[in-house]
Amino acid sequence: MTLDLIIAGKRIRLQSEDGVNLRLDKRFTAFIATSGGEPGLIIEVKPEKAIIPSETVKVFDAQHVEETPEGPEKSGEPFWEVATSEDMTYVKASLKDPVRYPLLIIPRGKMRWQLFTDEAGTDTDPLPYPIDGLILYFLTTINGEIMIHGSGVKCNGRGWVFTGRSGSGKTTMAGIFDRNGDRVVHDDRLILMKNDGRWVMHSTPVYRNDEPRSSEVDHLWIISHGRSNISAPLSGAEAAGLIMANCIQQNWDGDATARLVASVTDLASSVKISSLQFLPDNSIHDYLMARENTTAETVTAASLSLLEEGKQVTVTAGGYSMWPTIKPGDRIIINPLNPEKPLTAGKVVALRRDGGFVVHRITEVRIGKLSRFIKTRGDAALIPDPWSIEMNVAGKVIEIIRGDKTLKIMRRRMPYLIAGLAVVIVKIWQRITNRKATSTVK
């Protein structure tokens, strides 16, 4: 019997001897190829038991992971293992219901593999979990492609990937975009590969209703839950390192690791990468839609470029978080940072954010082994910002222009709570006066 699957654009052929029926789980239904073509990988399926030869070396051992209130924990029970010899890689899974030990044998440099399913009879499941994912994983490593824990969506014509550690909100994020009518590529496991110079994400079969979906990648976020929606750009080694932390990888194989590092470095240099703290409600959808505004991105990029060249820039304040020091409509003058004058508490700085800047005051500075960390807060903000590394500071605010007056940045004098209440009063008064003005016009 022969079955072809097309996953992430790769044709995988499963074939067995005459009389052996291949029984696929429903999650693969939409991935079965209905037309012919040459496979990139052939897997010979045998409903027999096989063992790893004694002369091999075990290089990896994974345990079952159980979800607990404190997060995922290893159970201590074997789940799958990898052993190698000079010319072979052996991957064995330990399944419970029913108990069996399927073994995948991968000859080095060859695209014809063997799979022993350890099932009696002539009816066999060739792709039980986690064997299906392991086949995809080893297949992607050959070409240096990326398999990553993440959710992917296509929103307003743009492909966005959200990745992070377990419990960071990947499925939550996909659900929010799905409820807003956006297309979800997948919410658990993606394959990223480069095609004609663009990175593309592909779905993989995990759930019963999965189907082949793909989208070019325009932005990748490293996500975590937060007390507000904050998206800040990442670049270079920092961006690549955070992406690597969420990739499925085999650290025991130096060549495979080198290919993955090269691919992740390319991804980080050709796709926008950002950190994202978010609230798990619909506000994050609106926030990201606004931040991905092309005009805002262009203006921000131009301002950052000028600051990096040592030139001063002027931006217009649009919020109340620094009230009364900075008011909406004030023009904020930002100077480039001076390496010889380290930032200190009390200074007002412009923090890099996707689609613009956040201008807040430094409340604390800490010196780490590799970087300086700063804590910031708006003068009227009830909640401080998360810690940020100093390199995320775009510049220092030296003065503001309010009407025809140029004002220096003063020390914070008003307690946060009082300033916050004052902002509420100002906003209420503005609404009242606006309503009166509207009534007068009518």
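According to my numbering, the sequence shown is numbered sequentially starting from 732.
We treat Cβ as the ideally placed atom computed from N, Cα and C, and that holds for glycine.
These numbers come from a predicted model, not from an experiment.
Where the beta strand (DSSP E) through residue i begins and ends
i, result
"Val992", "From DSSP, Val992 is part of no beta strand (DSSP E) but of the alpha helix (DSSP H) over Gly985 to Ser1001."
"Gly906", "Element bounds for Gly906: not the beta strand (DSSP E) but the alpha helix (DSSP H), Lys901 to Arg910."
"Phe762", "It is not in any beta strand (DSSP E) - Phe762 carries neither H nor E in the DSSP assignment."
"Thr1047", "Val1044 to Thr1047"
"Val706", "Since the first residue shown for the chain is 732 and the last is 1173, residue 706 is missing from the structure and cannot be characterised."
"Arg920", "Arg920 to Asn926"
"Trp930", "Arg929 to Ser934"
"Tyr832", "Counting along the chain, Tyr832 falls outside any beta strand (DSSP E), and DSSP gives it neither H nor E."
"Pro964", "Ile961 to Leu965"
"Asn1066", "Arg1062 to Asn1066"
"Gln746", "Lys741 to Ser747"
"Ile1093", "Gly1087 to Ile1098"
"Leu736", "Thr733 to Ile738"
"Ala824", "Met819 to Ala824"
"Lys1058", "No beta strand (DSSP E) holds Lys1058; DSSP gives it neither H nor E."
"Ile773", "Leu772 to Lys777"
"Val1203", "The requested residue 1203 does not occur in the structure, where the chain is confined to residues 732 to 1173."
Distance, residue j Cα to residue i Cα
i, j, result
"Asn926", "Thr872", "16 Å"
"Gly1049", "Ser1119", "22 Å"
"Ile773", "Ile866", "11 Å"
"Phe1197", "Lys741", "Because residue 1197 is not part of the residues shown, which for the chain are 732 to 1173, the question remains open."
"Asp856", "Thr848", "7 Å"
"Lys1173", "Asn1165", "Residue placement at Lys1173 cannot be trusted, given a pLDDT of 48 that sits under 50; what the coordinates show is reported in the next sentence. Taking the straight line joining both Cα atoms gives about 12 Å."
"Ile1131", "Ile1057", "8 Å"
"Met1122", "Thr787", "47 Å"
"Ile922", "Gly1077", "45 Å"
"Ser1005", "Gly881", "14 Å"
"Met732", "Arg744", "10 Å"
"Ala993", "Ile862", "26 Å"
"Arg1103", "Pro1117", "14 Å"
"Gly898", "Gly750", "45 Å"
"Asp756", "Asp735", "14 Å"
"Ala1081", "Ile961", "14 Å"
"Val696", "Glu850", "Any question about residue 696 goes unanswered here, given that the chain covers just 732 to 1173."
"Leu1068", "Gly967", "20 Å"
"Ile877", "His917", "15 Å"
"Val1154", "Asp1061", "16 Å"
"Thr853", "Ala987", "36 Å"
"Ala793", "Pro784", "19 Å"
"Thr1107", "Arg754", "58 Å"
"Ser934", "Pro943", "6 Å"
"Leu870", "Glu812", "17 Å"
"Gly1087", "Ala1021", "10 Å"
"Gly771", "Gly1109", "56 Å"
Proximity test, Cβ basis, 8 Å: residue i and chain C
i, result
"Leu826", "Included in the structure is just one protein chain, with no chain C present."
Residue i (DSSP reduced to helix, strand or coil)
i, result
"Asp863", "helix"
"Val948", "coil"
"Gly972", "helix"
"Arg754", "coil"
"Ser955", "strand"
"Leu1035", "helix"
"Thr787", "coil"
"Lys1173", "Residue confidence is low: Lys1173 scores 48 on pLDDT, short of 50, so the model does not pin down where it sits. Its coordinate-derived value is still stated next. If DSSP states are grouped into helix, strand and coil, Lys1173 belongs with coil."
"Ala814", "strand"
"Val1157", "helix"
"Arg1162", "helix"
"Leu1010", "coil"
"Ile979", "coil"
Residue closest to residue i, alpha-carbon to alpha-carbon, out of the options
i, options, result
"Val915", "Ser899, Met932 and Gly928", "Met932"
"Asp941", "Ile1149, Ile1159, Ile738 and Leu734", "Ile738"
"Phe759", "Glu808, Pro859 and Glu812", "Pro859"
"Gly972", "Lys789, Gly957 and Leu998", "Leu998"
"Ser825", "Gln981, Arg754, Lys780 and His1091", "Lys780"
"Cys886", "Thr903, Arg896, Asn911 and Thr902", "Asn911"
"Leu846", "Gly1126, Ser747 and Ala989", "Ser747"
"Trp930", "Gly890, Thr1045, Ala905 and Ala1033", "Gly890"
"Ala1111", "Lys841, Val1079 and Leu1152", "Leu1152"
"Leu1148", "Trp1054, Arg1097 and Asp1085", "Trp1054"
"Gly957", "Gln1008, Gln1161, Pro778 and Ile1065", "Gln1008"
"Pro1070", "Glu1039, Val1090, Arg1144 and Leu1019", "Glu1039"
"Asn874", "Thr894, Gly895 and Lys841", "Lys841"
Residue range of the unbroken alpha helix (DSSP H) whose run includes residue i
i, result
"Leu1019", "Ser1014 to Arg1022"
Checklist line | Sequence ranges, beta strand (DSSP E) only - wholly within the stretch 1104-1141, length at least 3 | finding: Within the stretch 1104-1141, the complete beta strand (DSSP E) segments of 3 residues or longer fall at 1124-1133 and 1136-1139, listed in chain order.
Notebook entry, point to check: Counting only runs that start and end within the stretch 834-895, where is the alpha helix (DSSP H) found for 4 or more residues in a row?
Noted result: If we require 4 residues or more, the alpha helix (DSSP H) runs fully inside the stretch 834-895 come out as 862-873.
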